[in-house]
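J.: Position one of the first sequence corresponds to residue 5 (the numbering used here), numbered consecutively onward.
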Amino acid sequence: MRILIGEVKDHIDSEVEISGWAQNIRIMSSVLFIELRDVSGTVQGVLLKRGNEELFNSLKNVPRESIISITGLAVRSQAKIGYEVQVKNLEVINKAETPLPLGVTDKIESDIETRLENRFLDLRRPEILSIFKVQSTISNAIRNYFVQHGFIEIHSPKIVAAATEGGTELFPVKYFERNAYLSQSPQLYKEIMMAAGFDKVFEVAPAFRAEEHNTPRHINEFTSIDMEMSFVNDEDVMNVLEDVIKAAGKSVAESNKRELEILGVKTPSLNYDFKRITYSDYVKRANEKGFEIRDGEDLSTPILKSVGGDIKEFYFITRWPRELKPFYVQPFDDKYSRGFDLQFGEMEITSGAQRVHLPEVLISNLKSKGLNPDSFNFYVNAFRYGMPPHAGWAIGLERLTMVMLDIANIRETTLFPRDRTRITP
RNA sequence: GCCCCGAUAGUGUAGUGGCCUAUCAUCCGAGUCUGUCGAGCUCGGGACACGGGUUCAAAUCCCGUUCGGGGCGCCA
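1) For the beta strand (DSSP E) that contains residue 228, what are its first and last residues?
2) Drop a sphere of 10 angstroms on the beta-carbon of residue 82, count the other beta-carbons inside from all chains shown, and report buried for 16 or more, exposed for fewer.
3) Please confirm whether residue 93 and residue 118 have their CB atoms less than 8 Å apart.
4) For residue 194, does the count of other Cβ atoms within 10 angstroms reach 16, so buried, or fall short, so exposed?
5) Would the beta-carbon of residue 253 fall within 8 Å of that of residue 408?
6) Would DSSP call residue 155 helix, strand or coil?
7) Assuming residue 321 and residue 281 form a contact by the criterion Cβ under 8 Å, report the distance between their Cβ atoms to the nearest whole angstrom.
8) Taking all protein chains shown into account, do 16 or more other C-beta atoms lie within 10 angstroms of the C-beta of residue 263, making it buried, or fewer, making it exposed?
9) Mark residue 357 as exposed unless 16 or more other C-beta atoms lie within 10 angstroms of its C-beta, in which case mark it buried.
10) Name the residue from 367, 236, 28 whose alpha carbon lies nearest to the alpha carbon of residue 382.
11) To test your reading of the DSSP string, which unbroken alpha helix (DSSP H) runs of 4 or more residues are found completely within the segment 19-86?
12) Could you please give the first and the last residue of the uninterrupted alpha helix (DSSP H) stretch that includes residue 363?
13) Take the Cβ of residue 294 as the centre, count every other Cβ of all protein chains shown within 10 Å, and call the residue buried at 16 or more, exposed below.
14) Nearest to residue 77 by alpha carbon, out of 91, 69, 85?
15) With a threshold of 16 other CB atoms inside 10 Å of the CB of residue 427, please say whether the residue is buried or exposed.
16) I need the straight-line Cα distance from residue 35 to residue 52, nearest angstrom please.
17) Ignore the nearest five residues each way along the sequence and tell me which others in residue 202's own chain have a CB closer than 6 Å to its CB.
18) For residue 26 versus residue 66, is the C-beta distance shorter than 8 Å?
19) Looking at the strands, I want to know which residues DSSP matches up with residue 343.
20) Which residue wins for smallest C-alpha separation from residue 219, given the options 6, 421, 289, 287?
21) For residue 106, which option in 97, 98, 123 has the closest C-alpha, if you only look at C-alpha atoms?
22) With a CB to CB cut of under 8 Å and the five nearest residues on each side skipped, what residues in its chain are close to residue 18?
23) Please give me, in chain order, every unbroken run of the beta strand (DSSP E) with length at least 3 that falls completely inside the segment 190-262.
24) In or out: residue 272 buried (at least 16 other Cβ within 10 Å) or exposed?
25) Measuring CB atoms only, is the segment 217-234 touching the segment 392-402, in the sense that at least three cross pairs come out at less than 8 Å?
26) Output the boundary residues of the beta strand (DSSP E) element that contains residue 186.
27) Does the distance from the CB of residue 120 to the CB of residue 415 come in under 8 Å?
28) Can you name, in chain order, every residue of its own chain whose Cβ lies under 7 Å from the Cβ of residue 370, other than the five neighbours on each side?
29) Could you compute how far the alpha carbon of residue 243 sits from the alpha carbon of residue 159?
30) Roughly how many whole angstroms lie between the Cα atoms of residue 290 and residue 307?
31) DSSP three-state call for residue 90: helix, strand or coil?
32) Residue 388 to residue 364, Cα distance in whole Å?
33) Tell me, please, whether the segment 175-193 touches the segment 134-150 by the rule of three or more beta-carbon pairs shorter than 8 Å.
34) Starting from the C-beta of residue 20, find all residues in its chain whose C-beta is less than 6 Å away, skip the five residues before and the five after it, and write them out in chain order.
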């Protein structure tokens, strides 16, 4: 029975079977060492030449990263980690070709381009694997939170007919004899679920944005963690969001000690109240820092970097001007809305809002954004026959992973990023 | 979409008009060495993105193409 390499330490002085990638084979005149790696770690196998000549000599032709299975005695030794496996039986299951397009254990760092082109090799590196182990913890912690709080998980369509918000470009797809688009957001559908009476829903799914952006924080397909709740306002869902982020941080701190160590990242400590800063206050701070921005203008990247750079923690920007937010965001007064963003420093992690629930407000908002309410009938109709007040938000999973692990490029927190020019692998 | 920068062995780099038959490391191959190390040592292998131009002479200067990185806009 194969055990994980990480479990070998629990089987000292007994026989173990381990399988994985031979990341390094060091051969001396009469003894050789094989470093074997699997998802749980690495261990060294030792083989003496005496009595094993044939096997010993055959290993001289086994390239790095070949798949090998070893059976042998786990013993304490002078190996760096304090124990090793004395090889009794060794099977070369699948030889790797040489040279590797990317050295898995080389001390030389490859460019992100080379790494993404050979992502399966890049992902073998413990640091890179650790990023995605942490990401798994984050999404599961958030999922658990929702499930424990009575949310219903939904799966909304990703092929849609209409734009969601107007602003963002969509990817067109051929849908038999008609034109359709890839969904940029489940926004309209999760609101319809409030009209359907589901009360609290969440969805973890891809979102597609056809913007030709070229930045370290945008990709064209990302994972959106969406939620929507009925009979609540913007403040309520901000509180839920704060709880959710803290639950994720706590879960990472508890279950990813080894990964954080490998990544050289401090355990996320979220033992503070997330500040609520109004948009207008943010504008004031920007002006104090020498930017010339009037109330009503969008917050530019340089402003977010400057003002947000002073706040190296999670915080909300609330009460955005109505004209900067989509039609479905509930007005606060004539000028401002009940829309908010969750930021970390300069980075927008979440966008949320209390939503419009009265059909006449929705229609007037659509018109004032230059959209035709008729083309949103499937959505507006849901508001005509009993739509509760509701609010919700959407987290960018890759961005949340970035800020939790202090990673600068979103491509690092995406398994196979889809950016302006990359659609393979 | 606009602006800036870049492309040299499998990988990461040095190179600033002749000293380039191109540096170093890693890697790959051959040999050597009973123990922890990023193991060592010896020998060998492998590259100037593509197309055009300037020049006696181009990896190096100019133009175009392709690809990549970054900034801005936009957003998660």
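All C-beta atoms in this analysis are idealised placements derived from N, C-alpha and C, irrespective of residue type, glycine included.
T.: On the basis of the data shown:
1) 225-234
2) exposed
3) no
4) buried
5) yes
6) coil
7) 6 Å
8) buried
9) buried
10) 367
11) 57-62
12) 363-372
13) exposed
14) 91
15) exposed
16) 4 Å
17) 156
18) yes
19) 357
20) 421
21) 123
22) 77, 78
23) 204-212, 225-234
24) buried
25) yes
26) 182-186
27) yes
28) 331, 377, 380
29) 24 Å
30) 6 Å
31) strand
32) 9 Å
33) no
34) 7, 12, 78
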